[in-house]
Amino acid sequence: MAPGDLVARPGHVQFGELLLGPHTAYGWQSLTGWEDSPALDSGTVSRSAAHGAYPGRLLAQPRTITLDGIVVRTEPGLMGAAVRQLAAATAVRDDELPLVIRLDSAPPLLSWARCLRRAIPVGTGGYGVGVVQGAALQWEATDPRRYSLDERHIETRLPQAEPGLDWTGTLAWPLNWGAPGASGAMTALNEGDAPAHPTLVFRGPVERPSLTNIVTGEAVEYDLVLADGDELLVDTANGTVTLNGSASRLYTATARSVPEQAFTFPPGTTDLAFRAAPGSSDPRASAAVRFRSAYW
């Protein structure tokens with residue numbers, strides 16, 4: 003199941019395969035931590051011989067999201083099954099699941115989180131009539147950013163010149179200018195207000211593939227040869243570089259390559275250029291980028 007597949011109405015909250023909100027057994031009243039800014043770690047240092055401080059980096063802490071006032075409604079005698087379903091969907095686990103929330107007519111946003119707390123008041127009266135009020139769920143998202151559901155995918159090939167007109171043959175209208183060339187350029191649009199970490203995929207045959215932010219000059223570049231069928235995956239969020247799904251090639255980063263986790267797409271457009279070593283110009287080589295718009 004893709005993240006947010008069950009989200010269809012304002013007020014829907016989907017965690018994994020569990021759906022809460024309108025037209026479900028689980029209503030809710032308030033949500034905190036979702037639209038709030040995450041807590042920040044500040045690198046600001048006080049000045050030793052003057053007023054004020056030296057401004058340092060601000061790094062966001064994990065986001066805590068709390069759903070309060072949950073009301074569980076079932077047919078009399080079925081409350082136990084509904085509570086068990088809620089408990090199973092929010093069980094203790096090591097990995098994070100997609101948490102998708104839609105508040106109004108705007109598109110929903112996505113986070114990855116784990117449930118840290120589940121509170122379900124127990125009373126024989128509520129179980130008997132099929133109504134339990136005052137339940138709560140709390141999640142922690144280690145990545146405090148929220149993301150669009152739509153994952154963007156762009157791809158380009160190494161620069162290739164256009165063949166142009168064939169002057170050796172007979173020219174007739176309409177003129178055949180040949181297949182269009184490739185520029186090796188592409189543009190990424192991050193519609194959010196937070197930096198987005200892309201996933202990059204280089205495919206051979208190519209030598210020393212690189213991807214460069216044309217505006218800032220920041221690049222990721224790897225000193226290796228990819229054969230036809232080879233795939234180098236660069237996960238900038240986790241800072242990993244993997245060849246064909248298993249072998250780490252992080253050590254092949256060149257001196258001009260920035261740390262993978264520093265290669266991000268800021269809000270707005272980012273113009274990129276795919277390049278390779280001189281003489282490496284096979285038209286089958288490609289670079290692909292996957293990312294989601296990111297929001298604080």
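Residue numbers (the numbering used here): 3 to 298. Idealized CB from N, CA, C, for every residue including glycine.
Where E157 sits in the DSSP three-state scheme: strand
Beta bridge counterpart(s) of S259 as assigned by DSSP: Paired residues: none, contrary to the question.
Q162 (DSSP reduced to helix, strand or coil): strand
Candidates E220, P110, S288 and V73: closest to F265 by CA position: E220
Inter-residue Cα distance where the pair is W298 and A51: 36 Å
T254 in three-state terms, based on DSSP: helix
Cβ pair P299, P5 closer than 8 Å: Any question about residue 299 goes unanswered here, given that the chain covers just 3 to 298.
Status (buried if at least 16 other CB within 10 Å, exposed otherwise) for G23: buried
Of the listed residues E233, P261, L226 and E223, nearest to N240 (C-alpha basis): P261
Buried versus exposed call for S288 [16 or more other C-beta atoms within 10 Å across all chains shown]: buried
As assigned by DSSP and simplified to three states, the class of L167: Only weak support exists for where L167 lies, its pLDDT of 46 falling under 50; the value from the coordinates is given anyway. Correct three-state label for L167: coil.
Same chain, Cβ closer than 7 Å to N246, five either side skipped, listed in chain order: D232 and E233
Straight-line Cα distance separating T46 from L111: 31 Å
Backbone secondary structure at A137 - three-state DSSP: strand
Whole-angstrom distance between R49 and D43, CA atom to CA atom: 18 Å
Beta-carbon gap between G136 and P123 smaller than 8 Å: yes
Best match in T256, G82 and P109 for proximity to Y129 [C-alpha to C-alpha]: G82
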